[in-house]
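Position one of the sequence shown corresponds to residue 275 (the numbering used here), numbered consecutively onward.
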Amino acid sequence: MDIYELLKKDHEAVSELFDQLEQTDEDEDDERERLFAEINRELTVHGEIEETIFYPAIKNADKTHDVVMEGIEEHQIIKQLMSAMQDLGTDDDQWEAKLTVLREIVEHHVEEEETEMFPKARKVLDGDEAEALAERVEDEKHMLLERYSEQVD
Ligand SMILES: [Fe+2]
Ligand SMILES: [Fe+2]
Numbered sequence: 275m276d277i278y279e280l281l282k283k284d285h286e287a288v289s290e291l292f293d294q295l296e297q298t299d300e301d302e303d304d305e306r307e308r309l310f311a312e313i314n315r316e317l318t319v320h321g322e323i324e325e326t327i328f329y330p331a332i333k334n335a336d337k338t339h340d341v342v343m344e345g346i347e348e349h350q351i352i353k354q355l356m357s358a359m360q361d362l363g364t365d366d367d368q369w370e371a372k373l374t375v376l377r378e379i380v381e382h383h384v385e386e387e388e389t390e391m392f393p394k395a396r397k398v399l400d401g402d403e404a405e406a407l408a409e410r411v412e413d414e415k416h417m418l419l420e421r422y423s424e425q426v427d
């Protein structure tokens with residue numbers, strides 16, 4: 275497995291969680307909170323992994339520099355939105371509107387990574403490098419998930 279497959283698997287998992295969340299009713303606050311907390315955790319850990327392992331590996335190359343800088347900005351917007359949603363709580367009127375916007379931004383960002391950033395990165399990193407990055411990501415992800423749940427508890 276290389277870095278691209280690994281990151282795409284995360285993208286799919288988040289998309290699945292958004293689907294589940296969208297199927298809940300307005301009065302299912304507990305279920306909404308549970309699913310949102312999962313999305314928040316997945317996206318926070320995923321973003322941190324990209325910013326500490328994947329992006330630095332391709333950031334200094336001409337081909338990928340601009341798309342990485344854009345990606346970092348989008349991560350920032352995603353984090354701000356999730357934090358605002360967390361402050362509001364699922365029963366607030368604005369929460370659902372923010373959820374819709376969050377999904378739109380995440381989908382745009384994922385699309386850009388998969389159709390623009392990854393193909394360009396393949397020209398910057400060779401196959402061995404892409405596999406070595408995947409190994410680092412897997413180790414780091416376990417650690418971050420543990421640290422994240424410690425912080426939340
Ligand atoms: Fe990203
Ligand atoms: Fe990503």
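From the three backbone atoms N, C-alpha and C, an ideal C-beta is built for every residue, glycine too.
Bear in mind the structure is a predicted one, so any value in this text is a computation, not a measurement.
Is it buried or exposed, GLY345, if we count other Cβ atoms within 10 angstroms and call 16 or more buried? Within the sequence shown, residue 345 is the residue found at index 71, counting from 1. Burial call: buried.
Which stretch, first to last residue, makes up the alpha helix (DSSP H) that contains ASN314? Position 40 of the sequence shown, counted from the first residue, corresponds to residue 314. DSSP places ASN314 inside the alpha helix (DSSP H), whose first and last residues are 303-323.
Answer with buried or exposed for GLU387, where buried requires no fewer than 16 other C-beta atoms within 10 angstroms of its C-beta. Working through the sequence shown from its first residue, we reach residue 387 at position 113. Buried: at least 16 other Cβ atoms inside 10 Å.
Taking a contact to mean a Cβ-Cβ separation below 8 Å, would you say ALA406 touches LEU280 in this structure? Your numbering for residue 406 matches position 132 in the sequence shown. Your numbering for residue 280 matches position 6 in the sequence shown. Not closer than 8 Å, so no.
Please state the DSSP three-state secondary structure of LYS283. To locate residue 283, count along the sequence shown from 1; it is residue 9. In this structure, LYS283 counts as helix in the three-state DSSP scheme.
Using a threshold of 7 Å, is the CB atom of HIS320 nearer than that to any non-hydrogen atom of ligand 2? Numbered from 1 along the sequence shown, position 46 holds the residue referred to as residue 320. HIS320 Cβ: within cutoff of ligand 2.
Could you spell out the range, first to last residue, of the alpha helix (DSSP H) harbouring THR389? Stepping through the sequence shown from its first residue, residue 389 is reached at position 115. Here THR389 belongs to no alpha helix (DSSP H), and DSSP marks it neither H nor E.
Compare the Cα-Cα distances from ARG396 to each of GLY321, LYS415 and PHE328 and report the closest residue. As a first step, residue 396 is located in the sequence shown; it is residue number 122 there, counting from the start. Just measuring C-alpha positions, the residue of GLY321, LYS415 and PHE328 sitting nearest ARG396 is PHE328.
Fully enclosed by the segment 315-381, which alpha helix (DSSP H) runs are 4 residues long or longer? As for any alpha helix (DSSP H) of minimum length 4 sitting wholly inside the segment 315-381, the runs are 329-332 and 336-362, ordered along the chain.
Considering only heavy atoms of ligand 1, does any lie closer than 7 Å to the CB of GLU324? Here residue 324 refers to the residue found at position 50 of the sequence shown. Here the distance from the Cβ of GLU324 to the nearest heavy atom of ligand 1 is below 7 Å.
Taking C-alpha atoms, which residue in ARG306, VAL319, LEU419 and PRO393 lies nearest to ILE332? In the sequence shown, the residue the question calls residue 332 occupies position 58. PRO393 is the residue among ARG306, VAL319, LEU419 and PRO393 whose C-alpha sits nearest the C-alpha of ILE332.
By a C-beta neighbour count over all protein chains shown, 10 Å radius and 16 as the cutoff for buried, is ARG306 buried or exposed? The count along the sequence shown starts at 1 and reaches residue 306 at position 32. Here ARG306 is buried: its Cβ has 16 or more other Cβ atoms, across all protein chains shown, within 10 Å.
Mind checking ASN334: buried by the 16 CB within 10 Å criterion, or exposed? The sequence position of residue 334 within the sequence shown is 60, counting from 1. With fewer than 16 other Cβ atoms within 10 Å, it is exposed.
Could you give the first and the last residue of the continuous alpha helix (DSSP H) run that contains GLN425? In the sequence shown, residue 425 corresponds to position 151, counting from 1. Unbroken alpha helix (DSSP H) run through GLN425: 401-426.
Do GLU390 and ligand 2 come close, with the Cβ less than 7 Å from some heavy atom? Numbered from 1 along the sequence shown, position 116 holds the residue referred to as residue 390. No; taking the cut-off as 7 Å, the Cβ of GLU390 has no heavy atom of ligand 2 nearer than that.
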